[in-house]
Amino acid sequence: MKVTVHIWDLPLRLFHWLLVVSIAAAYITAKLGGELIDWHGRIGIFILGLLIFRIVWGFLGSTHARFVSFFPTIPRLVAYLKGRWQGVGHNPLGALSVFALLGVLAIQVGTGLFANDDIAYEGPLFGFIDKSLSDQLTGWHNTAFNFLLGLVVLHVIAIVFYRWAKKTNLVVPMLTGKKQVPKVLAETVISTRPSGVGALRLILSLIISCSVVWGVSGGISTLYPVDRYQQTAQATPGF
Amino acid sequence: MKKIALTVLLTASATAAISGPVEEQIRFRQSAYSFLGWNTGKIKKQVVDNPESFNKDYVAAAANAIAAVANSGLGELYGPGTDQGIGWKQTRLKPEFFQKKDEVTAAANKFNEAANGLAKVAAAGDKVAIKEAFGKVTESCKGCHDLVRIKE
Ligand code: HEM
Numbered sequence: 001m002k003v004t005v006h007i008w009d010l011p012l013r014l015f016h017w018l019l020v021v022s023i024a025a026a027y028i029t030a031k032l033g034g035e036l037i038d039w040h041g042r043i044g045i046f047i048l049g050l051l052i053f054r055i056v057w058g059f060l061g062s063t064h065a066r067f068v069s070f071f072p073t074i075p076r077l078v079a080y081l082k083g084r085w086q087g088v089g090h091n092p093l094g095a096l097s098v099f100a101l102l103g104v105l106a107i108q109v110g111t112g113l114f115a116n117d118d119i120a121y122e123g124p125l126f127g128f129i130d131k132s133l134s135d136q137l138t139g140w141h142n143t144a145f146n147f148l149l150g151l152v153v154l155h156v157i158a159i160v161f162y163r164w165a166k167k168t169n170l171v172v173p174m175l176t177g178k179k180q181v182p183k184v185l186a187e188t189v190i191s192t193r194p195s196g197v198g199a200l201r202l203i204l205s206l207i208i209s210c211s212v213v214w215g216v217s218g219g220i221s222t223l224y225p226v227d228r229y230q231q232t233a234q235a236t237p238g239f
Numbered sequence: 001m002k003k004i005a006l007t008v009l010l011t012a013s014a015t016a017a018i019s020g021p022v023e024e025q026i027r028f029r030q031s032a033y034s035f036l037g038w039n040t041g042k043i044k045k046q047v048v049d050n051p052e053s054f055n056k057d058y059v060a061a062a063a064n065a066i067a068a069v070a071n072s073g074l075g076e077l078y079g080p081g082t083d084q085g086i087g088w089k090q091t092r093l094k095p096e097f098f099q100k101k102d103e104v105t106a107a108a109n110k111f112n113e114a115a116n117g118l119a120k121v122a123a124a125g126d127k128v129a130i131k132e133a134f135g136k137v138t139e140s141c142k143g144c145h146d147l148v149r150i151k152e
């Protein structure tokens with residue numbers, strides 16, 4: 001006998017799909033270049049906001065959003081691989097994928113903030129480091145994307161595998177938040193709605209992520225100006 | 001004494017080798033591109049990032065500098081063997097450069113057209129037109145980098 005439970009809360013689902021769209025947009029704008037590189041930077045900073053939100057939500061979110069609830073410990077992984085794991089949220093292997101994705105994304109965004117394109121774009125924190133270090137981080141930024149892409153491909157393959165081999169649809173729950181689970185399991189689950197998402201905790205998470213975005217996209221530079229071209233002329237000098 | 005003289009001689013010839021024709025070409029083109037980067041940066045500041053600071057003459061001077069570099073015949077600095085060597089630093093020219101002559105010529109021409117177009121509108125001083133022409137220039141820089149420049 002199966003029953004419906006709420007597993008993914010709305011903020012988590014919004015995070016997920018906004019991330020999908022923004023990563024695609026960041027990729028396209030980076031590849032097309034020209035004026036779009038400015039948009040690449042803006043989208044990247046938006047992704048930073050999403051990432052910070054997800055990290056905070058991993059502590060303040062509803063049951064299955066919390067890192068402790070699905071942290072892939074060795075015993076959990078072993079149990080899963082032996083087919084003995086039982087649960088409703090991320091399974092331990094999926095959890096590994098979540099942490100890997102968040103980690104690589106952090107590197108991608110973190111290096112991007114200091115990157116430059118040698119043409120007419122610099123990440124918002126470029127001014128705090130040397131050009132040579134920025135060039136190195138730009139290299140990492142390019143490399144990191146290959147890892148990110150690899151993880152995304154694995155992620156999608158896993159979803160297809162679950163759909164066809166295990167007859168489990170993982171996409172619909174990420175859209176609706178609801179999942180069909182055996183009744184025995186459902187009884188161990190605290191529904192994430194309505195009590196799961198506390199308005200106060202949501203507001204706190206949003207405040208934290210918006211503050212980081214504000215700081216990175218101008219706040220820090222305003223407080224600690226390091227514009228290295230500040231001294232250059234605003235008008236053509238005499239020679 | 002003889003030893004010192006020999007050392008001096010060897011060092012001198014080694015230095016001469018470093019600044020041989022290949023290295024010189026690499027050094028000049030790296031200089032040219034750095035200079036381009038300085039000028040695109042100036043235009044970006046006054047036209048895109050902070051339009052209130054727009055100064056027509058300042059932007060026109062930068063645009064003219066870009067066009068002048070574009071029209072100076074940079075192709076001469078891509079002689080055989082210049083995919084290997086140290087100019088100001090190790091070159092980042094891809095060896096495929098020499099197999100992709102047609103594509104490179106197209107990319108370079110695109111840059112030249114965009115640069116001359118920018119110089120023309122910069123002289124007129126219309127900020128909106130300059131911004132658009134500048135976008136074409138930076139796009140052409142990237143087009144060539146994606147084609148022949150080794151990624152960081
Ligand atoms: C704060 C956030 C970000 C900033 C400021 C930023 C900045 C940059 C810069 C300056 C480049 C040019 C590097 C070059 O030309 O060699 C670049 C390239 C790139 N960025 Fe980002 N980035 C950010 C976030 C991201 C994110 C989140 C992604 C992917 C999801 C991403 C994907 C890429 C890719 C694929 C390239 C390579 C483009 C190419 O091959 O031409 N970036 N980024």
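Order-wise, the sequence lines are chains Y and Z.
First residue of the first sequence: 1, per UniProt numbering; consecutive thereafter.
First residue of the second sequence: 1, per UniProt numbering; consecutive thereafter.
All C-beta atoms in this analysis are idealised placements derived from N, C-alpha and C, irrespective of residue type, glycine included.
Check	Outcome
If we define contact as Cβ-Cβ less than 8 Å, is Thr105 of chain Z a contact residue for chain Y?	no
On the three-state DSSP scale, how would you describe Thr192 of chain Y?	Only weak support is given to the placement of Thr192 of chain Y: the predicted model assigns it a pLDDT of 49, under 50, and the question is left unresolved by the model.
Identify the residues that DSSP records as bridge partners of Pro72 of chain Y: which are they?	BP columns for Pro72 of chain Y are empty, so no partner.
Here's the rule I'm using: 16 or more other beta-carbon atoms within 10 Å means buried, otherwise exposed. How should Leu167 of chain Y be labelled?	The sequence given here places Lys at residue 167 of chain Y; Leu does not occur at that position. Result: exposed.
Express the C-alpha separation of Ile74 of chain Y and Lys151 of chain Z in angstroms, rounding to a whole number.	39 Å
Alpha carbons only, please: which of Z:Gln99, Z:Lys142, Z:Tyr58 is nearest the one belonging to Ala114 of chain Z?	Z:Lys142
How would you call Ser209 of chain Y, buried or exposed, if buried means at least 16 neighbouring beta carbons within 10 angstroms?	buried
Can you tell which of Y:Gly123, Y:Leu60, Y:Val98 has its C-alpha closest to the C-alpha of His40 of chain Y?	Y:Gly123
Determine the DSSP secondary structure at Leu93 of chain Z, reduced to helix, strand or coil.	strand
Span of the beta strand (DSSP E) holding Gly47 of chain Z?	A small fix is needed here, since residue 47 of chain Z is Val in this sequence, not Gly. It is not in any beta strand (DSSP E) - Val47 of chain Z carries neither H nor E in the DSSP assignment.
Here's a check: name, in chain order, each residue in its chain whose Cβ is nearer than 6 Å to the Cβ of Gln30 of chain Z, leaving out the five neighbours to either side.	Gly87, Trp88
Against Ile119 of chain Y, what residues of chain Z qualify as contacts under a CB-to-CB distance less than 8 Å, listed in chain order?	Gly37, Thr40, Thr138, Cys141, Lys142, His145
Does Gln180 of chain Y come out as helix, strand or coil in the three-state DSSP assignment?	strand
Express the C-alpha separation of Pro72 of chain Y and Lys82 of chain Y in angstroms, rounding to a whole number.	15 Å
What separation, rounded to the nearest whole angstrom, lies between the Cα atoms of Asn50 of chain Z and Gly41 of chain Z?	12 Å
Extract the residue ranges of the alpha helix (DSSP H) inside the stretch 100-166 of chain Y, only unbroken runs of 4 or more that lie entirely within it.	131-164
In chain order, which continuous runs of the beta strand (DSSP E) of length 3 or greater are located wholly inside the stretch 1-67 of chain Y?	2-6
Taking contact to mean at least 3 C-beta pairs separated by less than 8 Å, is the stretch 161-179 of chain Y in contact with the stretch 42-62 of chain Y?	no
As a quick exercise: from Z:Thr91, Z:Ser34, Z:Asn64, Z:Glu139, pick the residue whose alpha carbon is nearest that of Gly125 of chain Z.	Z:Asn64
Could you check whether the Cβ of Asp135 of chain Y sits closer than 8 Å to any Cβ belonging to chain Z?	yes
Where does the unbroken alpha helix (DSSP H) through Leu147 of chain Z begin, and where does it stop?	127-148
My guess is that His155 of chain Y and Ser97 of chain Y are in contact by the Cβ rule of under 8 Å, so how many angstroms apart are they, rounded?	6 Å
Closer than 8 Å, Cβ to Cβ, to anything on chain Y: give me those residues from the stretch 51-67 of chain Z, in chain order.	Ser53, Asn55, Asp57, Tyr58, Ala61
Hey, does Ile108 of chain Y have any beta-carbon neighbour from chain Z nearer than 8 Å?	Residue 108 of chain Y is actually Gln in this sequence, not Ile. Answer no: the Cβ-Cβ gap between Gln108 of chain Y and chain Z never drops below 8 Å.
Of all Cβ atoms in chain Y, is any one closer than 8 Å to the Cβ of Gly117 of chain Z?	no
Taking all protein chains shown into account, decide if Tyr121 of chain Y is buried (16 or more other Cβ within 10 angstroms of its Cβ) or exposed.	buried
Nearest chain Y C-beta to Lys44 of chain Z closer than 8 Å, yes or no?	yes
Taking the Cβ atom as the reference point for each residue, do Leu148 of chain Y and Leu105 of chain Y lie within a distance shorter than 8 Å?	yes
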